[in-house]
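Chemist: Protein chains in written order, with this note's numbering: chain Z, 11 to 367; chain A, 11 to 367.
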DNA sequence: TCCAGATTTTGAACCGTTTCAAACTTGAGG
DNA sequence: CCTCAAGTTTGAAACGGTTCAAAATCTGGA
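(1) In chain order, what residues of the same chain have a beta carbon less than 6 angstroms from the beta carbon of residue 22 of chain Z, not counting five sequence neighbours either side?
(2) What whole-angstrom Cβ distance do residue 284 of chain Z and residue 237 of chain Z have, given they're in contact under 8 angstroms?
(3) Is residue 248 of chain A helix, strand or coil by DSSP?
(4) Considering Cα atoms alone, identify which of A:287, A:159, A:119, A:226 is closest to residue 368 of chain A.
(5) DSSP beta-bridge partners for residue 169 of chain A?
(6) With a threshold of 16 other CB atoms inside 10 Å of the CB of residue 129 of chain A, please say whether the residue is buried or exposed.
(7) Considering only residues of the segment 224 to 269 of chain Z, which uninterrupted beta strand (DSSP E) runs meet the minimum length of 3 residues and lie entirely inside it, listed in chain order?
(8) Does residue 205 of chain Z come out as helix, strand or coil in the three-state DSSP assignment?
(9) Please give the ranges of any alpha helix (DSSP H) in the segment 113 to 157 of chain A, keeping only runs that are unbroken, at least 4 residues long and fully inside the region.
(10) Hey, quick one: how far does the alpha helix (DSSP H) through residue 328 of chain A stretch, first residue to last?
(11) What's the gap between the Cα of residue 330 of chain Z and the Cα of residue 149 of chain Z?
(12) Please classify residue 185 of chain Z: does DSSP put it in a helix, a strand, or coil?
(13) For residue 33 of chain A, count the other beta carbons within 10 Å of its own beta carbon; 16 or more makes it buried, fewer makes it exposed. Which is it?
(14) Between the segment 265 to 275 of chain Z and the segment 296 to 306 of chain Z, are three or more C-beta pairs nearer than 8 angstroms?
(15) How long is the line joining the alpha carbons of residue 348 of chain Z and residue 315 of chain A, rounded to whole angstroms?
(16) Considering only DSSP beta bridges, list what residue 94 of chain Z is partnered with.
(17) With DSSP as the reference, identify every bridge partner of residue 352 of chain Z, one or two as the case may be.
(18) Per DSSP, residue 301 of chain Z forms a beta bridge with which residues?
(19) So for residue 214 of chain Z, helix, strand or coil by DSSP?
(20) Can you name the start and end residues of the alpha helix (DSSP H) that residue 285 of chain Z belongs to?
(21) Between the alpha carbons of residue 207 of chain A and residue 102 of chain A, how many angstroms are there, rounded?
(22) Just the C-alpha distance for residue 351 of chain Z and residue 188 of chain Z, rounded to the nearest angstrom, thanks.
(23) According to DSSP, is residue 42 of chain A helix, strand or coil?
(24) Ignore the nearest five residues each way along the sequence and tell me which others in residue 89 of chain A's own chain have a CB closer than 7 angstroms to its CB.
(25) Look at the alpha carbon of residue 59 of chain Z and the alpha carbon of residue 74 of chain Z, and state the distance between them as a whole number of angstroms.
(26) Below 6 angstroms CB to CB, which residues in the same chain sit around residue 240 of chain Z once its five sequence neighbours on both sides are set aside?
(27) For residue 347 of chain Z, which three-state DSSP category applies?
(28) What does the alpha-carbon distance come out to for the pair residue 242 of chain A and residue 218 of chain Z?
(29) Let me see if you follow: with CB-CB separation under 9 angstroms, is residue 217 of chain A close to chain Z or not?
(30) Which bits of chain Z does residue 124 of chain A rub up against, with CB to CB less than 8 angstroms?
(31) Is the beta carbon of residue 91 of chain Z closer than 9 angstroms to that of residue 139 of chain Z?
(32) Between the segment 257 to 266 of chain A and the segment 316 to 330 of chain A, are three or more C-beta pairs nearer than 8 angstroms?
(33) Here's the rule: buried if 16 or more other CB atoms are within 10 angstroms of the residue's CB, otherwise exposed. What is residue 341 of chain Z?
(34) Buried or exposed for residue 337 of chain A, going by 16 or more other Cβ atoms inside 10 Å?
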C-alpha cells in the first residue's frame with residue numbers, strides 16, 4: 011500500500027455556510043413556508059404557477075430537505091433495517107439485493123447490518139435501528155429469544171422474520187426441512203445408502219431443519235437414522251470450512267458415498283477437499299448443495315443443489331414489511347413458505363459397481 | 011409459495027402510545043432535561059448519583075433516543091452511505107463487509123445502495139443520502155462526471171472514491187493496470203502467445219485499466235497489441251456471461267491458449283463454458299481471474315487469479331471517510347493504492363506440445 | 001352583483017433533541 | 001467566615017421540517 015497526501019481541504023472555508031431551509035425557499039419564491047411544504051409533500055394541492063416558482067427556488071438555492079427534521083413532526087421515516095447473519099454468504103447477498111430492490115421501488119433506503127451470529131451485536135444493531143426510527147426491520151434472528159424483537163414492535167417498529175415463523179409476526183422462508191428431504195431423497199434414489207450431512211453450526215435454525223429433513227427422508231425409506239453421518243464445521247458455512255469437512259469425512263466415514271451439504275459454499279468446499287484427497291465427484295462420491303447460488307450452476311462442475319428463490323425472499327419480506335408499517339390497521343400477518351426445488355446437475359450420479367455397500 | 015393469514019394486529023391499540031421523550035425521563039429521574047442530555051452525550055460531566063438515577067429512569071421508561079431530532083440540533087449524523095455497482099459481485103460484497111466493520115467500530119451505520127451502473131439511479135441514491143444528512147459517502151462512481159459528487163461535498167458531505175483517483179478527493183483502489191499486467195505476464199511466462207481478455211463492460215473504469223495492463227505486458231515483451239483478443243460481455247461480469255464468452259472465444263479465436271478475465275466470476279464461467287465445449291483447463295487453455303474471491307481458492311479447480319485485499323479496501327475507505335467527516339480541518343486527502351498480487355493455483359500451466367502456436 | 005362551496009394559501013404551534021450562558025454547589029485556601 | 005475556581009445543573013432557545021385550523025381566493029349559479 012502506498013499513500014500520497016494531498017492539500018488540506020480548506021479551500022472554500024465551508025465552516026459557516028448556513029444550510030438552505032424551507033423558509034429560504036419560501037422567501038425566494040415569494041410564498042409562505044406552508045406552501046413549500048405542500049409542494050414537497052402534496053404537490054397536487056398547489057396551483058401550477060406557484061408550484062413552478064417553488065420548484066425553481068429549490069433549484070436555484072440548492073435546497074435539500076432535512077430528513078431528520080421531517081421525521082420529527084411527520085409520521086414516517088424512510089429507512090428499513092436488514093439484519094442478516096453475514097452478507098458474505100451469497101444467500102444473504104442475493105436476499106439483500108432483493109430487499110433493496112423492493113425498498114427502492116417504494117423510495118426507501120436499506121440499512122445493512124451483519125449480526126455475525128452474535129446476539130450481542132444483533133442487539134446493538136436493533137437498538138441503533140430503533141434510534142433511527144426505521145420503518146421496520148427485516149431480520150434473520152440469531153437465537154430463539156424474541157424479547158428484543160417484541161420490545162421493538164411494542165414501540166411501533168414493524169418486524170418481518172426470515173426463516174423463523176412465529177404466528178404473531180410476518181415471516182418469509184423456504185421449507186428447509188423439505189429441502190433437506192429432497193436432497194436426501196435424491197441421493198437415496200441414486201442408490202446411495204451411506205450418507206453424510208455437512209453443515210455449519212446447528213445452532214442456526216435453518217441448518218437444523220435441513221438436517222431434520224434429511225432424517226425424515228431416511229426414515230421414510232426405513233433406513234436407520236445413523237446411516238447419515240453429521241459433520242458440523244465452523245459457524246458460517248464457508249467453502250474453506252467445507253474443505254476441512256471433506257478431510258474429516260474421509261477419515262471418519264470412508265464408507266459414505268452421498269453427501270448433502272448445508273449450503274452451496276460448503277458443497278463446493280467439500281468437492282474441492284475430496285479432489286485434493288484424490289476422490290472424484292461424482293464418480294466415487296455424490297454431493298448435493300443447498301441454496302443454488304449463481305456460481306453453483308456456472309461452475310466448471312455444475313453443482314446439484316436445492317434451489318430457493320433468494321432474491322424473492324428479500325423482495326417479499328420487504329414488501330410485507332412496508333405493508334405492515336404503512337397500513338398497520340388493515341395489515342394481517344402472514345407466514346409465507348416457499349417450496350424449494352431440486353436442481354440435478356453434475357455432482358450426483360447413480361451408484362455403480364465400485365461405490366456401493 | 012403458500013401463505014396463511016393471521017389475525018390483525020390491533021391487540022394493543024398502539025395507535026396513541028405517546029413516545030417517551032427526554033423530558034419524561036427527566037421528570038421520572040427528578041432532574042432537568044439538560045442533565046438527561048448530558049448523561050446521553052457527556053456522561054462524565056454528570057455526578058454519579060444523578061447519572062444512576064437517569065439511567066434507571068431510561069431503563070424503566072424504555073426511552074430510546076430519537077436520532078432524527080438529535081441530528082437536528084447536534085452536528086453529526088450516524089450514518090454512512092455506500093454506493094456500489096452491484097453487491098452481488100463478491101468483490102463488492104467483501105468490500106461492503108469491510109466497510110461495515112469499520113462503521114460499526116465507530117458506532118456508525120451503513121446504508122447500502124446499488125447503482126447498477128446506472129447514473130440516474132446513482133443520482134437518486136446520492137440525493138436520498140444527502141437528505142439523510144449522512145456523514146459521508148463511499149462510492150464507486152458510475153461515470154467520470156463528478157458534478158454530483160462535487161455538489162455533495164460543497165454541502166459538507168465527505169466523499170471517498172473507490173477506484174477512481176482524483177486528487178481533490180480521498181480515494182482507495184488497487185493498481186488495476188498492474189494487476190492486468192501481472193496476469194498477462196504470468197501467461198506469457200508460461201509460453202502462451204495467443205491471449206484473450208474477457209471482460210465486463212469496458213465503460214467501467216476498472217475493467218478498462220485491467221485491459222490496459224494486459225496490453226502493457228504484451229508491449230513490454232515486444233508482442234503486437236492484437237495478440238490479445240478482447241471479448242466484452244454483458245455489463246456486470248457474471249459467471250453466466252463468462253460462459254457465453256467461452257463460446258464466443260472458441261468460435262472467433264480458436265488459437266487462444268491463455269485467457270485473462272476481468273474478474274473471478276467471469277473466469278469461473280469461462281472455464282465452465284470451455285469444459286462444456288470439451289476444452290480442458292489448464293491442459294489446453296490456461297485461465298487467470300481477478301479479485302481472488304473466496305470461492306476462487308476453494309473451488310474444486312482452484313483458480314489462478316490476481317488477489318486484491320477487498321475487505322481492506324472497504325475498511326480503509328470508511329476509515330478515511332470518518333476522518334474527513336469528523337476532522338475536516340486536520341484532514342488531508344489521500345490517494346491510497348494497493349498493489350495486487352498474483353496467486354498461482356491450478357487453472358494455468360506452461361504450454362505443451364499440443365497447445366502452442 | 002352576491003353567495004355558498006371548493007380550492008389554495010397561510011403561519012403559529014409543535015416534534016424531540018442539543019446547546020450554551022447563566023445559576024447554583026462545593027470545597028480548598030486564606 | 002469569606003472568596004474564588006472548578007464542577008454541576010438548569011431551562012430557554014434553537015434546529016428545520018410538518019400539521020392543521022383559519023383565512024383568502026376563486027368559481028359558477030341565482
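Ideal Cβ positions, reconstructed from N, Cα and C, are used throughout, including at glycine.
It should be emphasised that the depicted structure is a prediction, and the values quoted were computed from it without experimental measurement.
Modeler: Let me spell this out:
(1) In the first chain, the residue the question calls residue 22 of chain Z occupies position 12. Low confidence applies here, because residue 22 of chain Z scores a pLDDT of 35, under 50, leaving its location unreliable; read the following figure in that light. For residue 22 of chain Z, where only same-chain residues beyond five positions count, there are no Cβ hits under 6 angstroms.
(2) Translated into the one-based positions of the first chain, residue 284 of chain Z becomes position 274. Translated into the one-based positions of the first chain, residue 237 of chain Z becomes position 227. Going by Cβ atoms, the distance from residue 284 of chain Z to residue 237 of chain Z rounds to 20 angstroms, so no, they are not a contact pair.
(3) Translated into the one-based positions of the second chain, residue 248 of chain A becomes position 238. It is coil, neither helix nor strand.
(4) Lying before the first or after the last residue shown, residue 368 of chain A is absent from chain A, which here runs from 11 to 367.
(5) Taking the second chain and counting its residues from 1, the one referred to as residue 169 of chain A is at position 159. For residue 169 of chain A, which the question treats as bridged, DSSP gives the partners A:147.
(6) Numbered from 1 along the second chain, position 119 holds the residue referred to as residue 129 of chain A. Burial call: exposed.
(7) 238 to 242
(8) For the purposes of this step, residue 205 of chain Z is taken as the residue at position 195 of the first chain. In this structure, residue 205 of chain Z counts as strand in the three-state DSSP scheme.
(9) Counting whole runs of 4 or more residues, the segment 113 to 157 of chain A contains the alpha helix (DSSP H) stretches 129 to 141.
(10) Walking along the second chain from the start, residue 328 of chain A turns up at place 318. Per DSSP, residue 328 of chain A is one residue of the alpha helix (DSSP H) stretching across 320 to 336.
(11) Within the first chain, the letter at position 320 stands for residue 330 of chain Z. Within the first chain, the letter at position 139 stands for residue 149 of chain Z. So the two alpha carbons sit approximately 13 angstroms from each other.
(12) One-based indexing of the first chain puts residue 185 of chain Z at position 175. Assignment of residue 185 of chain Z by DSSP, reduced to helix, strand and coil, places it in the coil class.
(13) Residue mapping note: residue 33 of chain A aligns to position 23 of the second chain, counting from 1. Classification of residue 33 of chain A: exposed, given that the 10 Å Cβ count is below 16.
(14) yes
(15) Reading the first chain from its first residue, position 338 is the one you call residue 348 of chain Z. Reading the second chain from its first residue, position 305 is the one you call residue 315 of chain A. Distance between the alpha carbons of residue 348 of chain Z and residue 315 of chain A: 37 angstroms.
(16) For the purposes of this step, residue 94 of chain Z is taken as residue 84 along the first chain, with counting starting at 1. Paired residue(s): Z:124.
(17) Position 342 of the first chain holds residue 352 of chain Z. Note: residue 352 of chain Z sits in a beta bridge opposite Z:316.
(18) Within the first chain, the letter at position 291 stands for residue 301 of chain Z. Paired residues: Z:317.
(19) Locating residue 214 of chain Z in the first chain gives position 204, where the first residue counts as 1. In this structure, residue 214 of chain Z counts as coil in the three-state DSSP scheme.
(20) On the first chain, residue 285 of chain Z is found 275 positions in, with the first residue counted as 1. Note, residue 285 of chain Z: alpha helix (DSSP H), 274 to 286.
(21) As a working mapping, residue 207 of chain A is identified with position 197 in the second chain. As a working mapping, residue 102 of chain A is identified with position 92 in the second chain. Straight-line Cα distance between these residues: approximately 22 angstroms.
(22) Translated into the one-based positions of the first chain, residue 351 of chain Z becomes position 341. Translated into the one-based positions of the first chain, residue 188 of chain Z becomes position 178. C-alpha separation (whole angstroms): 9 angstroms.
(23) For the purposes of this step, residue 42 of chain A is taken as residue 32 along the second chain, with counting starting at 1. Looking at residue 42 of chain A - three-state DSSP - the assignment turns out to be coil, as it is neither helix nor strand.
(24) If you number the second chain from 1, residue 89 of chain A lands on position 79. The residues are 118, 119, 121, 142, 144, 145.
(25) Within the first chain, the letter at position 49 stands for residue 59 of chain Z. Within the first chain, the letter at position 64 stands for residue 74 of chain Z. Rounded to whole angstroms, residue 59 of chain Z to residue 74 of chain Z spans 21 angstroms at the Cα level.
(26) Along the first chain, one-based indexing puts residue 240 of chain Z at 230. Counting only Cβ-Cβ distances below 6 angstroms, and skipping sequence neighbours, we find 207.
(27) Here residue 347 of chain Z refers to the residue found at position 337 when the first chain is read from its first residue. In the structure shown, residue 347 of chain Z sits in a strand (DSSP, three-state: E or B).
(28) As a position in the second chain, residue 242 of chain A is number 232, starting the count at 1. As a position in the first chain, residue 218 of chain Z is number 208, starting the count at 1. Whole-angstrom Cα-Cα distance: 43 angstroms.
(29) Looking up residue 217 of chain A in the second chain gives position 207. Taking Cβ atoms only, chain Z never reaches closer than 9 angstroms to residue 217 of chain A, which makes this a no.
(30) As a position in the second chain, residue 124 of chain A is number 114, starting the count at 1. Simply 107, 110.
(31) For the purposes of this step, residue 139 of chain Z is identified with residue 129 of the first chain, where counting begins at 1. For the purposes of this step, residue 91 of chain Z is identified with residue 81 of the first chain, where counting begins at 1. Taking 9 angstroms as the Cβ cut-off, residue 139 of chain Z and residue 91 of chain Z qualify as a contacting pair.
(32) no
(33) By one-based count along the first chain, residue 341 of chain Z stands at place 331. Counting Cβ neighbours within 10 Å, residue 341 of chain Z comes out buried, since at least 16 surround it.
(34) Start at 1 with the first residue of the second chain, and residue 337 of chain A comes out as number 327. So residue 337 of chain A counts as exposed.
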